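Q: Numbering (the numbering used here), first residue to last: 6 to 194. First the structure, then my questions, so here it is.
Have a look at this one:
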């Protein structure tokens with residue numbers, strides 16, 4: 006039996022940092038969420054349970070790799086949210102080259118290009134990604150990539166597209182309330 010304190014196991018530290026990052030994001034603290042998730046991913050080295058045989062080791066390794074991938078995608082979203090567009094773009098270029106059919110990477114790559122004010126390249130990358138999925142898999146690339154392309158064509162603000170990508174609406178600023186028929190002098194209607 007392995008008797009190791011929980012905080013000393015990288016996986017436990019990783020899971021705790023991911024949870025802390027999600028709480029920070031929910032509270033609207035994007036820089037903290039980004040820092041915490043980046044630190045979580047820095048704990049990751051190599052393939053989990055590499056060298057161990059058996060069905061359990063293989064299935065657990067696959068589960069852990071998927072957990073890392075989910076955290077990586079979230080961190081890339083946060084890169085864009087905190088303004089690290091060029092960093093995200095550089096990383097995504099490599100991820101898209103290595104995983105050309107991964108639609109999440111493709112979508113984030115298009116968004117990173119758009120955030121870097123490279124609109125024509127973003128649209129070109131979006132169309133290329135859609136063609137690739139159709140050519141390779143014989144299916145449509147999905148609504149999210151199509152919706153992103155339409156938003157770019159409409160000239161939607163990049164910040165709104167990033168906020169939508171991470172599922173964060175940001176602080177809501179309400180306009181001052183005006184009561185019908187009651188206008189204060191100097192209010193400028």
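Here a beta-carbon is modelled for each residue, glycine too, at the ideal position from N, C-alpha and C. In this text the structure is predicted, and so the values were computed from the model without any measurement.
Looking at the structure shown, is residue 189 part of a helix, part of a strand, or coil, going by DSSP?
A: Any reading at residue 189 must be qualified, since the residue scores a pLDDT of 42, below 50, and its modelled position is unreliable; the value itself is stated next. In the structure shown, residue 189 sits in coil (DSSP, three-state: anything other than H, G, I, E or B).
Q: Is the beta carbon of residue 60 less than 8 Å from the beta carbon of residue 42?
A: It is not a contact, given that the beta carbons lie outside the stated cut-off.
Q: By the 10 Å Cβ neighbour count, where 16 or more other Cβ atoms means buried, how is residue 153 classified, buried or exposed?
A: With 16 or more other Cβ atoms within 10 Å, it is buried.
Q: In terms of residues, what are the limits of the alpha helix (DSSP H) holding residue 36?
A: 35-47 is the span of the alpha helix (DSSP H), which, as asked, contains residue 36.
Q: Buried or exposed: residue 76, going by 16 or more other Cβ atoms within 10 Å of its Cβ?
A: Buried is the call here.
Q: Taking residue 134 and residue 146 to be in contact with their CB atoms under 8 Å, please state how far apart those CB atoms are, rounded to whole angstroms.
A: Their Cβ separation, rounded to whole angstroms, is 6 Å, which keeps residue 134 and residue 146 in contact under 8 Å.
Q: Which value, in whole angstroms, describes the spacing of the CA atoms of residue 89 and residue 70?
A: For residue 89 and residue 70, the distance between alpha carbons rounds to 25 Å.
Q: Rounded C-beta distance between residue 35 and residue 98? I'm assuming under 8 Å.
A: About 23 Å; that fails the 8 Å criterion.
Q: Starting from the C-beta of residue 156, find all residues in its chain whose C-beta is less than 7 Å away, skip the five residues before and the five after it, and write them out in chain order.
A: 166, listed in sequence order.
Q: How about residue 74 and residue 38: do their beta carbons lie closer than 8 Å?
A: Against a cut-off of 8 Å, the Cβ pair of residue 38 and residue 74 comes out as no contact.
Q: Does any residue of chain B have a CB that is nearer than 8 Å to the CB of residue 136?
A: Checking the listed chains, one finds no chain B in this structure; it contains a single protein chain.
Q: Kindly indicate which three-state DSSP category residue 167 falls into: helix, strand or coil?
A: Note: residue 167 maps to helix in three-state DSSP.
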